[in-house]
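I have placed the structure first, in the form of structure tokens, so that the comments after it can refer back to it.
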Amino acid sequence: MKTIILIMLISTTSCFSLQFEFEGWTTVFDCKDIDNDNDMDIVIGSHVLGSATYPAATIMRNDGDCGFSLEYIYHPCGFGRYNNRNFLQDVNNNNFVDIVSISAIDVELVLRVDNNDSGVFNNFTEVIPDSIFMPSSHAFSFGDWDGDGYVEAFFVNYATDTLFWSYFPNDGNGNFIPFEENHYNCYARIESVDFDNDGFDEIINYGYYGFKIFSYPDATNPVTEINWEFINGILNFADFDNDGDIDICRSFFDDDADILYFSIFENLGNFTFIEHESTLEGGNLIYMLDWDRILAKDINGDDLVDLAYFQGVFYNNGDYEFQELELLPINCGPIDLWGCFDFVDINGDTTLDFLTSYTNNAMEGFLEIWFQDSNGNFLEEPPVGITNDELIITSDELNNYPNPFNISTTIHFSIEESGFVELNIYNIKGRLVKQLANKTMEGGVHDVIWDGKDSSGNSASSGLYLYKMVVDNRVIDMKKCLLLK
């Protein structure tokens, strides 16, 4: 039986977070609305070795209030690999995202699609192109290279010690057709970006020492290849100047100095780029996640793409000017192995929350969620609609046991004298879940049981909840409890 532990962390860095703990190598995740209920769900991809009893994917369905139900997808082979933050794709155009991964038995490559049928993953398809082993999860990606409106898959692989990339066209029904054409002497990473806004994605193939752009051939021209050599760099692609085309950010990690550098290359059109002189220094690092050294995203909601890595953010001031590094108040556990991070609005308040997954040397996997408020600050408490302006703390402590709980919990409190008592359960958005007491009570000790259900009698989802006690219209206390399923 798989063990899942949900832990609430309140750290000394004044941040609020949720932590999910898993067995095995928790490596990457992707966040999209998998059931089209207008909230962001999470799918965790894992390297799974040695046993088919481990899940190769964990689906975390968001109930809209940051309560998550967990499901598992098992691969019948040795392990599953997933592209970083980019493996939820609608491959069959049914408006539901599917899960695309690579599996392998021995050295036989398998491209697997777990099909999403109206929010339910109940079948899968597999393509076996050749007996070639995929080296790593960042070596495949998705895009529309031929401009037909269907998602295609792109791969980098080894063949007799030589790297080559290939692509799988999509037949329009979500079925990938393997290995159209091979392009040898390439770099280790691959992505797709429409640099010239013509509706056709370019294939971006790059590594530490170079960068290539491949455009889709037309009726008379073969594949166009553009080469750009540089020394060291990890690339990210975004419109940094809001001019409607995609620019390039190159990051370079100096292993000797333990410093991360950034520079921006402006897209001038016709596949021409100019480097801006402003180079940002990332400062000394505590943790460095190899797969995600930089992230380009509008973190603070000002319509300018910022630069972030695991510990901090360079906020964009416009005109390729960035603020100095602002450290994030994040205090995760020891990250010894695989890991990645992203900023995603998980609680639906229009601000981006911070998510990170990682694995330590004990082979324990984690996913952590750190919530932001509407001002871009990480909070000590979750952003709820409950105020404590009249909070009066008495010597009689309000608490519940057990906490965390699975089926029910007993809320214990005492009042000094008779009074009208209201005891309510709220979710972390401040919405009323259930009223447990709304009556006059005698002075003394009281116990009230919450059965983990809402006011309609439905079981509440796993997650963090608040219970608040009001006596004679005066807020006495408010505490947190954790429901685990």
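Mind the numbering: the sequence shown is residues 756 to 1240 in this note's numbering, read in order.
The beta-carbon is built from N, C-alpha and C at its ideal position, and this holds for glycine as well.
- Look at ALA943 here: in three-state DSSP terms it is coil, with no helix or strand label.
- Two segments are said to touch when three or more pairs of C-beta atoms, one from each, lie closer than 8 Å; by this definition the stretch 1189 to 1200 does not touch the stretch 793 to 801.
- Counting the other CB atoms within 10 Å of its CB gives ASN940 a total below 16, which places it among the exposed residues.
- Under the three-state reduction of DSSP, ALA811 is assigned to coil, being neither helix nor strand.
- Residue state for ALA1192 is assigned as strand, using DSSP reduced to three classes.
- Under the three-state reduction of DSSP output, ALA1051 falls in the strand class.
- In the displayed model, ALA894 falls within a helix according to three-state DSSP.
- Per DSSP, the continuous beta strand (DSSP E) segment holding HIS1167 begins and ends at 1164 to 1170.
- Excluding residues up to 5 positions away in sequence, ALA1051, VAL1060 lie with their Cβ nearer than 6 Å to the Cβ of ALA993 in the same chain.
- For PHE842, there is no enclosing beta strand (DSSP E), since its DSSP letter is neither H nor E.
- Separation of ASN838 and ALA812 (C-alpha to C-alpha, rounded to the nearest whole angstrom) is 12 Å.
- By the neighbour-count criterion, in which a residue is buried when 16 or more other Cβ atoms sit within 10 angstroms of its Cβ, TYR1220 is buried.
- Closest in alpha carbon position to GLU936, among TYR971, ASP953, ASN930, PHE950, is TYR971.
- Residues of the same chain with a CB within less than 7 Å of the CB of THR1164, apart from the 5 flanking positions on each side, are ASN1155, TYR1156, PRO1157, ASN1158, TRP1205, CYS1236 in chain order.
- Put simply, the stretch 1171 to 1184 touches the stretch 1208 to 1223. At least three CB pairs are less than 8 Å apart.
- When the five nearest sequence neighbours on each side are left out, the beta carbons in the same chain lying within less than 6 Å of the beta carbon of VAL882 are those of LEU866, PHE931, PRO933, in order along the chain.
- Inclusion of PHE842 and GLY874 in the CB contact set at 8 Å is not warranted, their separation being larger than that value.
- In this structure, LEU990 sits near ARG1005, with a CB-CB distance shorter than 8 Å.
- Annotated three-state conformation of THR1114 is strand, per DSSP.
- With fewer than 16 other Cβ atoms inside 10 Å of its own Cβ, LEU1023 counts as exposed.
- Beta-carbon to beta-carbon, GLU1123 and THR1111 are separated by about 5 Å, close enough to satisfy the 8 Å threshold.
- Taking 8 Å as the cut-off, the beta carbon of LEU1238 is found closer than this to the beta carbon of PHE1160.
- Excluding five sequence positions before and after ASP790, the CB atoms of its chain that fall closer than 6 Å to its own CB belong to GLY874, given in chain order.
- Rounded to whole angstroms, ILE1231 and GLU1172 show a C-alpha spacing of 13 Å.
- The Cβ neighbour count for THR1114, taken over all protein chains shown within 10 Å, is at least 16; the residue is labelled buried.
- With respect to the 8 Å criterion, ILE1049 and PHE1077 are not classified as neighbours on the basis of their beta carbons.
- Burial of LYS1223 is indicated by the presence of at least 16 other C-beta atoms within 10 angstroms of its C-beta.
- Note on geometry: alpha-carbon atoms of ASP1209 and ARG1186 lie some 11 Å from one another.
- In this structure, ASN1025 is the residue among ILE1003, ARG944, ASN912, ASN1025 with its C-alpha nearest to the C-alpha of ILE981.
- Annotated three-state conformation of SER824 is strand, per DSSP.
- If you draw a 10 Å sphere on the C-beta of TRP983, you find fewer than 16 other C-beta atoms in it, and that means exposed.
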